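Notes follow the structure.
Residue numbers (full-length UniProt numbering), protein chains in the order written: chain A, 1 to 376; chain B, 1 to 376.
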């Protein structure tokens, strides 16, 4: 994996990840395509708004339609008609958050599907096999997501297991043939350790010793207070290898992202922009808007006068409100286009700020907007 | 309204309707945009698949968001970002099919909204006012949709009322100022009369005496057996003025459309392609397909190998099945694109068949496919 750092602004940094399927400018935001589609979007629309990489969920695709079927059909890129990079998670987090009856052993996790209750077993080996058969560009090591709160002992045992699994993932991946339609995925290790700094440090050091193409912080944004999360972010980011991409998993609040980028994180994913869009909460350069509010009933203005997305170029707030209240599919489409465009544009501007040494001003400017009460 | 007939193949005919907002080649199919959007589609996609006109529902837009708001925002075309022709129905059929507590008087209909139960009154004058304020290109006269079955006496009284209302519509429309953003709509009269031929004939003759830009057959496909509907279609079409567009309202089954075109109808609308799409029933050149079926689980082929739509060019049946089972929004989008493309393409080919004098062969060929059992 080729990762080139471009500019630094104190600890914040810009860079370029190069893969066989295209470039990724960092810091980058990955829209989430859980079930082989970013909800409400077409691949063409994702390209149009400038997405360079998306995330897809191993757990979901393994359960439905099944990775063997996707493999047989030529891989996930072909299946979903997306030719740019895809990062696949390992399934660990979804087992933690969605499935029932988990039984964790040294070998892996037994769990019941959230779809039909059927019994399944995922292990480091299985997680690698699935991600390779999907044709993933960046695979994640299989981890146990440490819950919050967790006792010190539990967090230590959990990270030890995660580290052991990470080693198994790397070994097993190197023994696997790449899929005919794809390069072998790059592999990222996942740092756990709960809210304990010494455990986080140990987790990271053990992973670095094994050696990965990139490093991710997992087990954050799982219910802990913001201060605790920020504390871990500030602590761990500077310790992570400088010449490898640093990925903060599942954290998508823009304020949190500003803090993480300030400390040197490069990659992010979250359902927040897409999920909020479907619920009618829209991000704008003046703050958040709830599109259902009566004050927009006859509002001829676009959502965001400073936005160049398809939605803002063509539709009024009054129309978007009407579509939302009428529960029209186009409501979810136009709102999602806008929110994702807003996120990707925010990242573009953030990279420019880092490149021009003005990240501090950028952060101060946006912090005020993001922390203000919703404007509508 | 400029309507030019191009070719005849026995009673079937092709023609061209010219409006200030663009041409409409007939026979034409109008996708239904009930609430100011054709469900799951963007206006750009509608253009891409070749839609030349859409239908929008006066009843729905009057109730939500309200025609005054749409007027204030510059009309329906601007509101929904669609600059081609729009035909608006009069609301009569929706009052009949959706609302409760209807009270029909000489002046109009009192009814309760299906959304919130609020009390409303629509009249010929009000229906014209609404359609003008929306900026409609083709307005429909306000009618009472005669239910099926209906006694002879009821059908006669109903059509007499519809005729009286039609006259009021024409008179009132001529007294209204057109909206600043639109030409004054062309006005179509609606033939009622239930399943009684003499009443249908009387209804038509009375309307022709008043004089309209086009004539529509209403009150069909409301529960009557196909034979009765075909009987009325065959009876009434040849009696309708040759030099005016003939519109068969709400009939969208392709077999029915073949019969109607054979007898000289020019315009059609129906929710069938869009609603079926959302339910996973897809039209193909080999017959209907239910996309959820297990046999498509790993099917790498497109829905229809003979189809050039975006969906068929880019996605496998296996992917479409996966999206449908996963209840993804993209499922409804891709299915709708395909079904509407299929309909519009069917109409293109039908016009070619008429122009080249091969409509009979066209009808025979498609009848077999359309009447066969679903293939999947």
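Virtual Cβ for every residue (Gly too), placed ideally from N, Cα, C.
Because the structure is a prediction, the values reported are computed rather than measured.
Within-9 Å CB hit, residue 275/B to chain A: With 9 Å as the cut-off, residue 275/B does not count as an interface residue toward chain A.
Chain A contact for residue 119/B (CB, 9 Å cutoff): Interface residue (Cβ-Cβ distance to chain A less than 9 Å): residue 119/B is not classified as such.
Segments assigned alpha helix (DSSP H), at least 4 residues, entirely inside the stretch 17-86 of chain B: 43-48, 58-63, 67-72 and 76-80
Whole alpha helix (DSSP H) elements within the stretch 183-257 of chain A, 4-residue minimum: 197-210 and 226-236
Buried versus exposed, by CB contacts within 10 Å (16 or more), residue 227/B: exposed
Span separating the alpha-carbon of residue 190/A from that of residue 57/B: 54 Å
Cα-Cα separation between residue 229/B and residue 195/B, rounded to whole angstroms: 8 Å
Local conformation of residue 261/A per DSSP, three classes: Here residue 261/A sits in helix by DSSP.
CA-to-CA distance, residue 285/B to residue 119/A, given in whole angstroms: Distance between the alpha carbons of residue 119/A and residue 285/B: 41 Å.
Contact with chain B by residue 72/A, beta-carbon distance below 9 Å: Interface residue, yes.
Which of helix, strand or coil DSSP assigns to residue 1/A: coil
C-alpha distance - residue 73/A paired with residue 300/B, whole-angstrom precision: 6 Å
Members of the stretch 31-43 of chain B that neighbour chain A once the beta carbon cut-off is set at 7 Å: 35, 36, 37, 39, 40 and 42
Where residue 15/A falls: helix, strand or coil (DSSP): strand
Below-9 Å beta-carbon distance, residue 321/B vs any chain D residue: Any reference to chain D falls outside this structure, whose protein chains are A and B.
Closest residue to residue 27/A among 53/A, 181/A, 180/A and 182/A (Cα-Cα distance): 53/A
Distance CB(residue 34/A)-CB(residue 323/B) smaller than 9 Å: No, they are not a contact pair.
Short CB-CB distance (under 9 Å) between residue 272/B and chain A: no
Nearest-angstrom Cα separation, counted from residue 355/B out to residue 287/B: 25 Å
Reduced DSSP category for residue 120/B - H, G, I as helix; E, B as strand; rest coil: strand
Range covered by the beta strand (DSSP E) that runs through residue 269/A: 267-269
At least three beta-carbon pairs within less than 8 Å, the stretch 244-251 of chain B to the stretch 359-369 of chain B: Fewer than three Cβ pairs drawn from the stretch 244-251 of chain B and the stretch 359-369 of chain B lie within less than 8 Å of each other, which leaves the two stretches out of contact.
Length at least 3, wholly inside the stretch 150-176 of chain B: the beta strand (DSSP E) runs in chain order: none
Own chain, CB closer than 7 Å to residue 47/B, minus 5 neighbours either side, in chain order: none
Residue 180/A at chain B interface by Cβ criterion, 9 Å: Not an interface residue.
Within chain A, the residues that residue 64/B reaches when beta carbons sit closer than 8 Å: Here the neighbours are 322, 325 and 326.
Alpha-carbon spacing of residue 103/B relative to residue 158/B, whole angstroms: Cα atoms of residue 103/B and residue 158/B: separation of roughly 13 Å, rounded to the nearest angstrom.
Length of the line joining the Cα atoms of residue 55/B and residue 82/B: 12 Å
Beta-carbon proximity list for residue 43/B, same chain, < 6 Å, skipping 5 on both sides: Excluding sequence neighbours, residue 43/B sits near 81 and 82.
Terminal residues of the beta strand (DSSP E) in which residue 139/A lies: 138-140
Proximity winner among 131/B, 357/B and 317/B, relative to residue 6/B (alpha-carbon distances): 357/B
Cβ of residue 298/B within 9 Å of any chain A Cβ: Judged by the 9 Å Cβ criterion, residue 298/B is in contact with chain A.
Own chain partners of residue 178/B with C-beta closer than 7 Å, once the 5 adjacent residues on each side are dropped: Same-chain partners within the cutoff: 132 and 184.
Residues that residue 88/A bridges to, as DSSP identifies them: 56/A and 139/A
Cβ-based burial, residue 262/B [other Cβ within 10 Å; buried from 16]: buried
Beta bridge counterpart(s) of residue 287/B as assigned by DSSP: For residue 287/B, which the question treats as bridged, DSSP gives the partners 284/B.
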